[in-house]
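**Q** Heads up: the protein sequence lines correspond to chains A and B, in order.
Numbered as in the working numbering, the first sequence ends at 84 without a single skipped number.
Numbered as in the working numbering, the second sequence ends at 452 without a single skipped number.
Ideal Cβ placement from N, Cα and C applies to all residues, glycine included.
Please read all numbers here as calculations on a predicted model, not as lab measurements.
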Amino acid sequence: MTKALQRHVDAPPASVPGATVRGALDAYFAAHPAVRSYVLDEQGGLRKHITVFLNGEQIADRVGMTDPVGEDDEIHVMPALSGG
Amino acid sequence: MADLLVGTRKGLFEIERQGGGYRLGAPSFLAVPVTAVLHDGRDGTTYAGLDHGHYGVKLQRRDAGAGEWEELAAPAYPPQPEGTVDVDPNRRDEVPWTTQMIWSLEAAHPHRPGALWAGTIPGGLFRSSDRGTTWELVRALWDEPSRAQWMGGGFDHPGLHSVCVDPRSAEVVLVGISCGGTWRTEDDGASWTVSTGMRAGFMPPDQAENPVVQDPHRLARCASAPDVVWCQHHSGVFRSTDGGATFSEITDIEPSTFGFGVAAHPHDPDTAWLAPAIADEARVPVDGRLVVTRTRDGGESWEALGRGLPDRDAYHLVYRHALDVDANGERLALASTTGSLWVSEDAGESWARVSADLPPIACVRWRS
Numbered sequence: 001m002t003k004a005l006q007r008h009v010d011a012p013p014a015s016v017p018g019a020t021v022r023g024a025l026d027a028y029f030a031a032h033p034a035v036r037s038y039v040l041d042e043q044g045g046l047r048k049h050i051t052v053f054l055n056g057e058q059i060a061d062r063v064g065m066t067d068p069v070g071e072d073d074e075i076h077v078m079p080a081l082s083g084g
Numbered sequence: 085m086a087d088l089l090v091g092t093r094k095g096l097f098e099i100e101r102q103g104g105g106y107r108l109g110a111p112s113f114l115a116v117p118v119t120a121v122l123h124d125g126r127d128g129t130t131y132a133g134l135d136h137g138h139y140g141v142k143l144q145r146r147d148a149g150a151g152e153w154e155e156l157a158a159p160a161y162p163p164q165p166e167g168t169v170d171v172d173p174n175r176r177d178e179v180p181w182t183t184q185m186i187w188s189l190e191a192a193h194p195h196r197p198g199a200l201w202a203g204t205i206p207g208g209l210f211r212s213s214d215r216g217t218t219w220e221l222v223r224a225l226w227d228e229p230s231r232a233q234w235m236g237g238g239f240d241h242p243g244l245h246s247v248c249v250d251p252r253s254a255e256v257v258l259v260g261i262s263c264g265g266t267w268r269t270e271d272d273g274a275s276w277t278v279s280t281g282m283r284a285g286f287m288p289p290d291q292a293e294n295p296v297v298q299d300p301h302r303l304a305r306c307a308s309a310p311d312v313v314w315c316q317h318h319s320g321v322f323r324s325t326d327g328g329a330t331f332s333e334i335t336d337i338e339p340s341t342f343g344f345g346v347a348a349h350p351h352d353p354d355t356a357w358l359a360p361a362i363a364d365e366a367r368v369p370v371d372g373r374l375v376v377t378r379t380r381d382g383g384e385s386w387e388a389l390g391r392g393l394p395d396r397d398a399y400h401l402v403y404r405h406a407l408d409v410d411a412n413g414e415r416l417a418l419a420s421t422t423g424s425l426w427v428s429e430d431a432g433e434s435w436a437r438v439s440a441d442l443p444p445i446a447c448v449r450w451r452s
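(1) Checking 9 Å against the spacing of the C-beta atoms, do residue 428(B) and residue 401(B) come in under that value?
(2) Enumerated in chain order, which unbroken segments of the beta strand (DSSP E) with a length of 3 residues or greater are wholly contained in the segment 221-283 of chain B?
(3) Going by beta-carbon coordinates alone, are residue 72(A) and residue 182(B) separated by less than 9 Å?
(4) Look up residue 29(A) in the DSSP assignment and say whether it is helix, strand or coil.
(5) What does the alpha-carbon distance come out to for the pair residue 399(B) and residue 442(B)?
(6) Strictly under 9 Å for the Cβ-Cβ distance: is residue 161(B) near chain A by that measure?
(7) Which first and last residues belong to the beta strand (DSSP E) in which residue 131(B) is found?
(8) Just reading off the beta strand (DSSP E) that residue 48(A) is part of, what are its end residues?
(9) What do you get for residue 323(B), buried or exposed, if any count of 16 or more other CB atoms within 10 angstroms of its CB means buried?
(10) Residue range of the alpha helix (DSSP H) that residue 38(A) falls in?
(11) To which residues of the same chain is residue 224(B) closer than 7 Å at the C-beta, ignoring the five residues directly before and after it?
(12) At a Cβ cut of 8 Å, what residues of the segment 123-149 of chain B count as close to chain A, listed as they run along the chain?
(13) In terms of DSSP beta bridges, what is residue 98(B) paired with?
(14) Three or more C-beta pairs under 8 Å: does that hold for the segment 215-233 of chain B against the segment 290-304 of chain B?
(15) Report the CB separation of residue 52(A) from residue 21(A) in whole angstroms; it is logged as a contact under 8 Å.
(16) So what's residue 114(B) in DSSP terms, helix, strand or just coil?
(17) How many angstroms separate the CA atom of residue 97(B) from the CA atom of residue 343(B)?
(18) If I measure Cβ to Cβ from residue 388(B) and keep anything under 7 Å in the same chain, skipping five residues before and after, which residues do I get?
(19) Assuming residue 82(B) and residue 158(B) form a contact by the criterion Cβ under 8 Å, report the distance between their Cβ atoms to the nearest whole angstrom.
(20) Can you tell me whether residue 365(B) is buried or exposed, with buried defined as 16 or more other CB within 10 angstroms of its CB?
(21) Can you list, in chain order, the stretches of the alpha helix (DSSP H) that have 4 or more residues and sit fully within the segment 383-445 of chain B?
(22) In chain A, which residues lie with their C-beta within 9 Å of the C-beta of residue 183(B)?
(23) With residue 304(B) as the anchor, note down where its beta strand (DSSP E) starts and where it stops.
(24) State the start and end residues of the unbroken beta strand (DSSP E) segment that holds residue 6(A).
(25) Have a look at 424(B), 380(B), 218(B), 341(B) and flag the residue whose alpha-carbon is nearest the alpha-carbon of residue 315(B).
(26) Grouping DSSP H, G and I as helix and E and B as strand, with all else coil, what is residue 79(A)?
(27) For the beta strand (DSSP E) containing residue 322(B), name the first residue and the last one.
(28) Mind checking who residue 350(B) pairs with in its DSSP beta bridge?
(29) Between the segment 31-39 of chain A and the segment 127-144 of chain B, can you find at least three pairs of beta-carbon atoms closer than 8 Å?
(30) Would you kindly report the start and end of the unbroken beta strand (DSSP E) that includes residue 105(B)?
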């Protein structure tokens, strides 16, 4: 999870199971429920200005987050650059 | 303890009366936009609605006497029923069933301790009975068929910015929506009736009086005479003497009838204050002179009060929640998008600048 988020909520790095990005994020949020609303809206959608990287590449499916995840893959949740 | 809460684009500031002036305390939520603040006089709790931008809308609560804030679950919309269509009438894009902003926070009736109201963008009204721990969307208003005509004003989607509880009855509440009109319930939110009498200059002539597309920028109710409600509207100034059922326009206010904020005297139904700007298309003070206008005769006549406010080269804009009067009707706070904060202790006759160096200010609120 992005360092910028740490200011607002405890969001430590973690190893989690999951066959897709969505599955891995759900597993992360199960362990760290306070982080969920910072990344997803109340309908479960990825917040507009959040970007998810899988092994350094932006994920292809921002809606369903179905990008497949392997055992040692790395997911980074980052803020998009915006605002003033 | 803070006398005044100031919500800004970059955090919450608390102002305390000290010695002969006001002192700015250390900020909370530094660098995070604060969109709504409330001090609940019933139990001393302070609430703040935050817009984290990237990370969504959050709600924070601080108990009376406590130093720490506690994050609560923000008001959240239910899932949109499958197969339903919910689009903005102008842009034809989808209205999100997600909280885009907490735009107002209000204590409910004194007989309901811990009960709160929250107004949001995209237009939903929420209620809590447990000091903001849990929230429920008021479905009767959200499901109102005319919501299909509501539209965004300054923001992309409609926003509910004013909640006026009737001190005589917990079940009677008036709300203002930009741009969805002014709505009144007499049965605790089970059913709603739109107010009439407003006029929208931004609509074609045959739609100008359509009550469900009005843009009441802000509503303010007289606590001791709650049938009197003042409205600073996008297209002028209106007043109701029947609890918000009908409004009548007040014209001939110098220097302008355009503005966002309005404050109602808590005990004198004939007294109210406005913070005028030139017009919709020029949102700065008239002639570069910042004034507050005040009536003390129910809107028949108005005076422009500027002692202590900049009288030249001033380009401040006062947002709808940035003009507030205290529970006695004596102290006023006025704040601008250019980061200035003024206080008056004589009902607006004279003003003193507390700071000129704050971030853009969204809302000010006296401790109740």
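**A** A quick look at the data gives this:
(1) no
(2) 243-249, 257-262, 265-269
(3) no
(4) helix
(5) 15 Å
(6) yes
(7) 129-135
(8) Segment: none, residue 48(A) is in no beta strand (DSSP E) and carries neither H nor E.
(9) buried
(10) 36-39
(11) 273, 274, 275, 276
(12) 136, 137, 138, 139, 140, 142
(13) 89(B)
(14) yes
(15) 6 Å
(16) coil
(17) 24 Å
(18) 338, 339, 375, 377
(19) Shown here, chain B extends from 85 to 452; a query on residue 82(B) therefore has no answer.
(20) exposed
(21) none
(22) 41, 42
(23) 300-305
(24) Element bounds for residue 6(A): not the beta strand (DSSP E) but the alpha helix (DSSP H), 3-6.
(25) 341(B)
(26) strand
(27) 320-324
(28) For residue 350(B), which the question treats as bridged, DSSP gives no partner whatsoever.
(29) yes
(30) 105-108
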